[in-house]
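For the record, the sequence lines run as chains L and G.
For the first sequence, the residue numbers in our numbering are 643 to 812.
For the second sequence, the residue numbers in our numbering are 12 to 184.
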Amino acid sequence: MTALAQQFQAAQYAALSFGRFRVVVPLQDLHSLEPVLDVDTQQRNGHSIGSIELRDGCSARVYCLDELFSLCDAPPSDQRICAVLDDGAEGQLCLVCGTVEALPGEVLTDFPMPACMTSAATPLAGLALLAGRVVGRTSGAALAQFVAAGSAAAAEAICGAEQLLDGTLV
Amino acid sequence: MSGHAQGWLLRLGGGLHAAIGARELLYVLPDEPQLHAIPLVPPHVPGVLVWENFIVPTLDCQLLLQVGDAAAAGTSTGLRSLRSIAAIVAMGNTTGAQASTGIGALLLVHVPEQIEVRDEQECELPPALHALRRFFSACFEHAEMGPVPILDLPRLFTAPSVRSRRGPAILNH
């Protein structure tokens with residue numbers, strides 16, 4: 643077994659970077675990695691930048707988040723990897739990120755989310771220290787809910803604007 | 012005979028000042044300590060800092076309390092701030108398993124100043140702070156500063172986020 647294979651076998655978490663901010667998810671939530679070049683941008687829908695065909699024949703919607711966790715309509719220049727995550731509902735969510743690193747659990751020191759930083763809006767369940775740097779703790783399901791909520795809010799806003807233009811909403 | 016207590020006077024920026032008890036100040040980090048920004052947190056939490064292998068939430072009290080000179084407030088969402096000193100403070104239990112939730116940091120414009128407060132210095136909160144009285148445990152009259160509120164640190168560090176909408180913001184380039 644190669645050193646790289648041993649590293650992955652020992653890994654329990656995957657660290658994904660979005661700009662300067664990194665999150666860790668359980669490694670079992672990471673379905674696969676795909677190059678951003680394989681994204682079919684003809685399949686744009688709402689705030690998804692397109693879709694990507696997975697090796698099992700299914701496809702997944704692709705979304706971009708920046709380091710403030712805002713949805714972007716194009717991948718930031720330093721984010722070229724599609725991390726395909728299980729969404730907790732037998733589907734997949736694809737997020738474009740900069741780096742993906744497999745980590746053993748013991749390199750993380752966990753901390754609860756400070757009370758002054760908790761909100762219904764965040765997919766972060768807690769924070770952790772990783773080699774002196776602060777990372778967020780989350781999961782594929784939490785990220786999928788977070789992105790879905792943003793897309794739904796955007797769709798509502800578009801629908802409301804269209805109704806205003808049609809004169810059907812006063 | 013009147014009682015007296017030791018404490019620290021904190022200059023929070025924009026002319027805002029407050030005090031904490033002598034044992035509540037654990038450490039002072041001068042020279043713009045490195046703040047790590049965390050997405051989707053309230054503007055008055057510009058980030059966290061790492062101290063003694065703890066992740067410490069850091070508050071910008073001027074933004075939380077929305078008082079003082081707004082022009083001196085710096086930016087509310089980035090890491091730039093005119094408040095370049097951080098005071099590490101204790102909120103009760105700072106040992107054992109609960110230690111990480113018992114420590115916070117406040118951004119300051121000046122190093123804390125040691126003070127002594129006597130019972131007869133107690134006074135009413137200034138009217139400008141009445142709406143925020145939940146964040147203060149008492150107030151006293153300082154010879155130079157006038158009324159100085161005493162921070163209720165546990166309440167300050169559990170002030171909820173005003174952000175309630177679920178999901179991310181949408182950026183259109």
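Even for Gly, the Cβ is constructed at its ideal location relative to N, Cα and C.
Everything numeric in this text was worked out from a predicted model, so none of it was measured.
Nearest-angstrom beta carbon gap, residue j and residue i [assumed within contact, 8 angstroms]
i: G:W19; j: G:P158; result: With 8 angstroms as the limit, G:W19 and G:P158 do not qualify as a contact, their Cβ atoms being about 17 angstroms apart.
i: G:V100; j: G:L164; result: 6 angstroms
i: L:R664; j: L:V777; result: 5 angstroms
i: G:G115; j: G:V52; result: Contact flag wrong, Cβ pair sits at about 13 angstroms.
i: L:R722; j: L:V678; result: 5 angstroms
i: L:F753; j: L:D708; result: No, L:F753 and L:D708 are not in contact; Cβ-Cβ is about 24 angstroms, not under 8 angstroms.
i: G:A149; j: G:E135; result: Rounded, the Cβ-Cβ distance is 10 angstroms, inconsistent with contact.
i: G:L74; j: G:G58; result: With a Cβ gap of about 13 angstroms, G:L74 and G:G58 do not count as contacting.
i: G:A16; j: G:G26; result: So it is not a contact: roughly 25 angstroms between Cβ atoms.
C-beta atoms of residue i and residue j nearer than 8 angstroms
i: L:C758; j: G:F65; result: no
i: G:V126; j: G:F147; result: It should be noted that the sequence gives Ile, not Val, for residue 126 of chain G. No, Cβ-Cβ distance for G:I126 and G:F147 is not below 8 angstroms.
i: L:A657; j: L:G730; result: no
i: L:Q734; j: L:A702; result: yes
i: G:R22; j: G:V120; result: yes
i: L:Q654; j: L:L745; result: yes
i: L:P765; j: L:L750; result: no
i: L:G792; j: L:L713; result: yes
i: L:C736; j: L:V726; result: yes
i: G:L118; j: G:D71; result: yes
i: G:L36; j: G:A98; result: yes
i: L:S693; j: L:D682; result: yes
i: L:C724; j: L:L675; result: yes
Closer than 8 angstroms to chain L by CB, residue i
i: G:V59; result: yes
i: G:S92; result: The predicted model places G:S92 with a pLDDT of 49, which falls under 50 and marks its position as unreliable; any figure quoted below should be read in that light. Judged by the 8 angstroms Cβ criterion, G:S92 is not in contact with chain L.
i: G:L143; result: no
i: G:L51; result: yes
i: G:L23; result: no
i: G:T86; result: Low confidence applies here, because G:T86 scores a pLDDT of 42, under 50, leaving its location unreliable; read the following figure in that light. By this cut-off, G:T86 is not an interface position.
i: G:P123; result: no
i: G:P54; result: no
i: G:P179; result: yes
i: G:A170; result: yes
i: G:L70; result: yes
i: G:I66; result: yes
i: G:H28; result: no
Range covered by the beta strand (DSSP E) that runs through residue i
i: G:P57; result: Unbroken run through G:P57: none, as it is neither H nor E.
i: L:C706; result: S701 to L707
i: L:V678; result: First-last for L:V678: undefined, no H or E at that position.
i: G:G24; result: H15 to G24
i: L:F663; result: F663 to P668
i: G:Q125; result: E124 to R129
i: G:C134; result: No beta strand (DSSP E) contains G:C134, which DSSP labels as neither H nor E.
i: G:P147; result: At residue 147 of chain G the sequence reads Phe, which differs from the Pro that was named. Its beta strand (DSSP E) spans residues F147 to H153.
i: L:A657; result: Y655 to F660
i: G:G32; result: L27 to G32
i: G:I114; result: I114 to L119
i: G:A170; result: Here G:A170 belongs to no beta strand (DSSP E), and DSSP marks it neither H nor E.
i: L:I691; result: It is not in any beta strand (DSSP E) - L:I691 carries neither H nor E in the DSSP assignment.
i: L:D752; result: L750 to P754
i: L:L745; result: V742 to L745
i: G:L37; result: L36 to L40
i: G:I96; result: I96 to A101
i: L:I723; result: I723 to D728
Residue interval of the alpha helix (DSSP H) (run including residue i)
i: L:C736; result: It is not in any alpha helix (DSSP H) - L:C736 instead sits in the beta strand (DSSP E) that spans Q734 to C739.
i: G:L74; result: C72 to L76
i: G:P165; result: L164 to L167
Short CB-CB distance (under 8 angstroms) between residue i and chain G
i: L:A653; result: no
i: L:S761; result: yes
i: L:V678; result: no
i: L:T751; result: yes
i: L:V776; result: yes
i: L:T780; result: no
i: L:P668; result: no
i: L:C724; result: no
i: L:E695; result: no
i: L:E709; result: yes
i: L:A657; result: no
i: L:C758; result: yes
Task: Any beta strand (DSSP E) of 3 or more consecutive residues that is wholly inside the segment 757–799 of chain L - done: 768–772 and 775–779
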